[in-house]
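Undergrad:
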Amino acid sequence: MISSRYSTGTCEVVLRLNDTTNQKQVQHSTWDYEIDADQKSFRLCVPQPRFLSELTWIEEHRKKELLPGMVEVRVHCTGINFRDVLKSRGLYPHTRTFTQSDNEQPKVNRDTQPGSDFVGTIVRLSSTITNFQIGDHVVGFTGNGTYHSNIVINSKLIVRIPSECPLIDEQLCGMPTPLLIVIYSLKYRVHLQSNQTVLIHAATGAATETEVKRCFLREYYCIEHVFNSRDTSFVNQIRQILPQGLDVIVNSLSGNLLNESIKLLAYHGNFVEWGERHIYDNNNLSMFQLRSDCNFHVIDFISLADHISPLIHLMLEEAIHLFNQQILRAVEPTVCYEPSQVIEALLRCNSGEVMGKTVFRITSSDQPLNINKQKSDNLLKIVNDGNNEMFSSEVCNQGTILISGGFGGLGLTMSRWMIEQRGVKHIALISRRTLVELEKPSNPQYDDWLRLKRTTKQYNAQVDVVQADVTNFQQVYNLIGKFNKTSHPIRGIIHSAVVPEDRTLNNLTQEHLSLVLPPKVRGVWYLHQATQLLHAPIHLFIMFLSTRNYLLKVTSAGYNGDNHFLDAVAHRFTKFNLLAVSGTGMFHRHKEMLST
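So the mapping is simple: the working numbering equals the position in the sequence shown, first residue as 1, plus 7.
1. Apart from the five residues on each side of it in sequence, which residues of its chain come closer than 8 Å, Cβ to Cβ, to residue 354?
2. Give me, in chain order, the residues of the same chain whose beta-carbon lies closer than 6 Å to that of residue 183; leave out the 5 immediate sequence neighbours on both sides.
3. Check whether the segment 481-488 touches the segment 441-453, taking contact to mean three or more Cβ pairs, one atom from each stretch, closer than 8 Å.
4. Which of the three DSSP states, helix, strand or coil, is assigned to residue 336?
5. Only counting the same chain, and skipping five residues up and downstream in sequence, which positions put a Cβ closer than 8 Å to that of residue 76?
6. I need the DSSP call for residue 302, collapsed to helix, strand or coil.
7. Count the other CB atoms within 10 Å of the CB of residue 79; is the residue buried (16 or more) or exposed (fewer)?
8. To the nearest angstrom, how far is it from the Cα of residue 401 to the Cα of residue 425?
9. Is residue 300 near the ligand MN, judged by its Cβ being under 8 Å from some heavy atom?
10. Relative to the C-alpha of residue 545, which candidate in 399, 344 and 352 has its C-alpha closest?
11. With DSSP run on the structure shown, which of helix, strand or coil describes residue 308?
12. Comparing C-alpha positions only, which one of 181, 63, 170 and 74 sits nearest to residue 340?
13. Bridge partners for residue 550 per DSSP, in chain order?
14. Looking at residue 156: is its Cβ nearer than 9 Å to the Cβ of residue 48?
15. Would you mind giving the Cβ-Cβ distance between residue 534 and residue 502, rounded to the nearest angstrom? I have them listed as a contact below 8 Å.
16. Once you ignore the five residues that flank residue 178 on each side, which residues in its own chain have a CB closer than 7 Å to its CB?
17. Taking 9 Å as the threshold (C-beta atoms), are residue 413 and residue 437 in contact?
18. Skipping 5 residues on each side, what residues in its chain have a beta carbon closer than 8 Å to that of residue 331?
19. Going by DSSP, which residues form a beta bridge with residue 147?
20. In terms of DSSP beta bridges, what is residue 469 paired with?
21. Alpha carbon to alpha carbon, how far is residue 206 from residue 422? Give it in angstroms, no decimals.
22. Roughly how many angstroms lie between the CA atoms of residue 86 and residue 231, to the nearest whole one?
23. Opposite residue 84 in the DSSP bridges: which residues?
24. How about residue 193 and residue 326: are their beta carbons less than 9 Å apart?
25. Using a Cβ-Cβ cutoff of less than 8 Å, which residues in the same chain neighbour residue 329 once the five nearest sequence positions on both sides are dropped?
26. Taking 6 Å as the limit between beta carbons, can you name the residues of its chain near residue 303, skipping five residues before and five after?
27. Which residue wins for smallest C-alpha separation from residue 443, given the options 420, 466, 474 and 428?
28. Under 8 Å by Cβ, that's how I've got residue 434 and residue 407 pegged, so tell me the actual separation to the nearest angstrom.
29. For residue 394, count the other beta carbons within 10 Å of its own beta carbon; 16 or more makes it buried, fewer makes it exposed. Which is it?
30. Helix, strand or coil: which one does DSSP assign to residue 378?
31. Going by C-alpha to C-alpha distance, which of 254, 500 and 358 sits closest to residue 548?
32. Starting from residue 50, trace the beta strand (DSSP E) both ways and give me its first and last residue.
33. Give me the Cα-Cα distance between residue 234 and residue 276, rounded to the nearest whole angstrom.
34. DSSP beta-bridge partners for residue 77?
35. Across which residues does DSSP place residue 278 in a beta bridge pair?
See below:
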């Protein structure tokens, strides 16, 4: 056997000639390399489809710009909160600030950037900073993610760690979020006074081995009254001890346990909600339960952080002072992981078997961090391709976005928005109708079509109009296959096909269902199947459905069934992206339908 090897960087190509078969065999392989944290920046990447097993460390080549008031911190170690697990799994609810415009939204997608607490060293600062110096040892809080070797942060969100601080970095890095929430809730919202009583639900933060954890609270923290928050037994026990009720309840429970907790509040008591799950689940709570003699507070600290940054700085300083005075002590136990164990750490937090605090080192780790060069480069290309990963350069410039129901008001408006706001150059509108019908002045979408034509010309884009039926699989398959043989193959699909026909449930017929259901139900499934069979690398697949069936008692039984199906499909497809578009479509032009 004859072998020849060529090696460069982290790639290796081996060419072998087999003596017996006389066939050439080419082998291409890559290997991991150790990154020098002192020389290169890196971060944790959360790729699609959002499985914890897919988390990987990648190089970060871009040097972040320092705006006035900002500093760059080299992160030594960071704490893990359950919120970070949800973000890594793509389960964290969208926390968009609705009062802000698109341009005012944070440039970092906080729903995908895990980490909020950290300890590190300042390595760079803007010229406007006078209260910090390079080399300062700091602890801080941010909503923009901390699973990075280096982060850029507002200087108001960090404080200097004094040399006499009794805590080591690993103990301190997990403190900001819990301490800030506690201080903000009890001091600045509830205005807690001495001799008042406080009930804290789920004090150890997990759902298993509750008796062991209750013993831990009694023995380590010397707390006399520790109850079981997994059933209603705590209600009678508390009433026996405090017949007048509790002054403050810190809640993270839901359902019947939540209702029973509210009943335990004393007159003018305060109910503080820390749990987010049932808030975003939009669970029902009877208005009768919201007692007029009590105060209710919902604390979403990540959303608050941008608005109270000076107060965060003040509270962090207060917390450090309390540690120095030994009034506060570190959470025990504290479990520390290395960067290579980040998946293991998040899996542990995800299991619910956590007591105390979980943290992991980043640049302070003594263990080498291995990064797969090829995987890192591929992920970086995706991440750096634009602010919005859906509308990457490959989608906007080299691909075509296919819109079913393209002649509708939503399809035409979405096309214009993508061209103007996202730089999309090639769009294909498919409909059972023809271009001749679209260009008739009597067409309800005629004005939308004219606006789209003007936009297309202005932005040098191309819109193809194709007659096809999405309820016919062969037509869908042939259409996508035809586009994929061109220089601009299908890279995105938007499904907006609909046949509106109102009818109550008792008036439904098979004929009516056969008319209403196929465009949405068969259409979305055929589009999906065709892309799978043709191995088309789809970058975005957007479905439009309506919340009308959830909010109003309307007569669109078949239409509501369509929407429920698409909702189920959306949960099935982990790579679906559902975008909110207002002021478009049928209900925008016919507002009387909303009041029927």
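The beta-carbon is built from N, C-alpha and C at its ideal position, and this holds for glycine as well.
Here the structure is a predicted model, which is why all the values come from computation and not from measurement.
TA: The short version:
1. 59
2. 124 and 148
3. no
4. coil
5. 133, 135, 136, 161, 162 and 163
6. strand
7. buried
8. 14 Å
9. Absent from the structure shown: the ligand MN. Ligands present: none.
10. 399
11. helix
12. 181
13. 502
14. yes
15. 6 Å
16. 337 and 341
17. yes
18. 169, 171, 172 and 173
19. 125 and 165
20. 433
21. 54 Å
22. 29 Å
23. 126 and 368
24. no
25. 335
26. 278
27. 474
28. 7 Å
29. Low confidence applies here, because residue 394 scores a pLDDT of 43, under 50, leaving its location unreliable and the question unanswered by this model.
30. strand
31. 500
32. 49-52
33. 20 Å
34. 161
35. 256 and 303
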